[in-house]
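*Asks:*
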DNA sequence: GTCCCCATCATTGTATACGAAATGTAGGAA
DNA sequence: TTCCTACATTTCGTATACAATGATGGGGAC
């Protein structure tokens, strides 16, 4: 799907709105890094290079560690409760393993950022999480979920203990694992799109 | 200036373009946090609350520390040279103390981020630096420069020594100082805009 | 004198229209 | 056959037009 052209007229017809609306949406998705936009050539679903993908994961690591540093200081019991309920949802969704599972895994991270109560961090985390989903679609194994439930649980456990150091470390390990699942597998997987291969060897 | 209404027609006439162009520009500035955008009521130069301002500075600290962590590992001699030349420019601009000085101070941070070579970090740093300039205009003392030259020099010195720990620490101290100059002074300064005062007591 | 309602105006939100750039295609020459 | 050029078609970039929403001010009632 990444690389697909996004023609303004088609999308407009699809949603029953004019090109004006589509255009503003595409512009927004462009600054968020989800669509590539070339002048006079139109929009396409973003195809981040491996190098860009690493950049996104590095930024994500930096931002989410900060989120947990904050959270460990200010998290409330009802916050913990809410996180636990979310993990329960994730557990429930795992069996059928559809796109709902991937969405929920991302929302866990976004929920953490929201609870941290910093609007800037929150927006940036939202952005990098979305981009990571895209990267997973490009480079990850098909059908691989990007987050292990166990790892989410460890983060919440550390938060419940108000152990900031452990919480940050848990998130660190989790994101290392996510990065590995999303990126490192791509060098061996034969099923990947030809564009990905070319991109990889082009460094 | 923050809080001023931005009428699409006026701006369009001012620059000789149609509302279409102005609108896309305003939308972009809105996602970057520089203009507030209320549905059916138009755009205005952003007026971040003190709490939002602290959020921005916290995110900035987190991002720029990461920039220096990266840079300490990969900085080249020609990078150092370029940073030194930039500081020389800043020194030259200080006497007349105009807006050029403020712009150069911001560009030093953006240059650091660019040299770090992570496109995501680079974009985010660009954004928070812009927002900090806005915050300085809102809450800072009039005519106060937001960056001390000496502090910039210390950062480059640490980079030249390839001392990552010291570089991150220097940036940390620098941004602490910047935050203080931009925010803490606002509680005592009688010359501040009435809106700022109200905003502050409204927490 | 003050408050409220309605009319008018200003400004935004969305659609459409038109010119420009780029891409694809057919035809002819080497 | 292959390459190049000219034309046609598609799609984008910008301006303009119209509808909808919110702001402003004046007149009347209490």
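Residue numbers (the numbering used here), protein chains in the order written: chain A, 1230 to 1432; chain B, 1230 to 1432.
No residue lacks a Cβ here, since even glycine has one placed at the ideal position from N, Cα and C.
On a predicted model such as this, the values are computed, not experimentally measured, just so you know.
Return the chain-ordered list of same chain residues with a C-beta closer than 8 Å to the C-beta of residue 1241 of chain B, the five sequence neighbours on each side being excluded.
*Replies:* 1247, 1248, 1250, 1251
*Asks:* Starting from residue 1266 of chain A and walking both ways along the beta strand (DSSP E), at which residues does that stretch end?
*Replies:* Taken as a continuous stretch (DSSP letters only), the beta strand (DSSP E) holding residue 1266 of chain A covers 1264 to 1267.
*Asks:* Mind checking if residue 1348 of chain B is an interface residue toward chain A, Cβ cutoff 9 Å exclusive?
*Replies:* yes
*Asks:* Give, in chain order, every residue of the segment 1236 to 1253 of chain A whose Cβ lies closer than 9 Å to some Cβ of chain B.
*Replies:* Answer set for the segment 1236 to 1253 of chain A: 1249, 1252, 1253.
*Asks:* Give the straight-line distance between the Cα atoms of residue 1270 of chain B and residue 1235 of chain B, rounded to the nearest whole angstrom.
*Replies:* 10 Å
*Asks:* Measuring only the C-alpha atoms, how far is residue 1355 of chain A from residue 1328 of chain B?
*Replies:* 34 Å
*Asks:* Out of A/1319, A/1306, A/1331, A/1256, state which residue places its alpha-carbon closest to the alpha-carbon of residue 1411 of chain A.
*Replies:* Ranked by how close their Cα comes to the Cα of residue 1411 of chain A, the residues A/1319, A/1306, A/1331, A/1256 have A/1331 in first place.
*Asks:* Taking Cβ positions only, does residue 1271 of chain B come closer than 9 Å to chain A?
*Replies:* no
*Asks:* Using a Cβ-Cβ cutoff of less than 7 Å, which residues in the same chain neighbour residue 1366 of chain B once the five nearest sequence positions on both sides are dropped?
*Replies:* 1230, 1231
*Asks:* Quick one, which of A/1243, A/1299, A/1400, A/1274 has its alpha-carbon nearest residue 1257 of chain A's?
*Replies:* A/1274
*Asks:* Can you pull the chain A residues whose beta carbon is under 8 Å from the beta carbon of residue 1284 of chain B, in chain order?
*Replies:* 1347, 1348, 1349, 1350
*Asks:* Between the C-alpha atoms of residue 1289 of chain A and residue 1283 of chain B, what's the straight-line distance to the nearest angstrom?
*Replies:* 20 Å
*Asks:* Report yes or no: is there a C-beta of chain A within less than 9 Å of the C-beta of residue 1368 of chain B?
*Replies:* no
*Asks:* State the DSSP-derived secondary structure class of residue 1321 of chain A, mapped to helix, strand or coil.
*Replies:* helix
*Asks:* How is the beta strand (DSSP E) around residue 1271 of chain B delimited, first residue to last?
*Replies:* 1271 to 1274
*Asks:* Per DSSP, residue 1234 of chain B is paired with what?
*Replies:* DSSP output for residue 1234 of chain B lists B/1273 as bridge partner(s).
*Asks:* Cα separation between residue 1357 of chain A and residue 1403 of chain B?
*Replies:* 27 Å
*Asks:* Cβ closer than 7 Å: which chain B residues qualify as neighbours of residue 1405 of chain A?
*Replies:* Per Cβ cutoff of 7 Å: no residues; residue 1405 of chain A is ~16 Å from chain B at best.
*Asks:* Hey, does residue 1262 of chain B have any beta-carbon neighbour from chain A nearer than 9 Å?
*Replies:* yes
*Asks:* Label residue 1347 of chain A either buried or exposed according to how many other C-beta atoms from any shown protein chain fall within 10 Å of its C-beta, with 16 as the threshold for buried.
*Replies:* buried
*Asks:* If you compare alpha carbons, which of A/1368, A/1408, A/1363 is closest to residue 1376 of chain A?
*Replies:* A/1408
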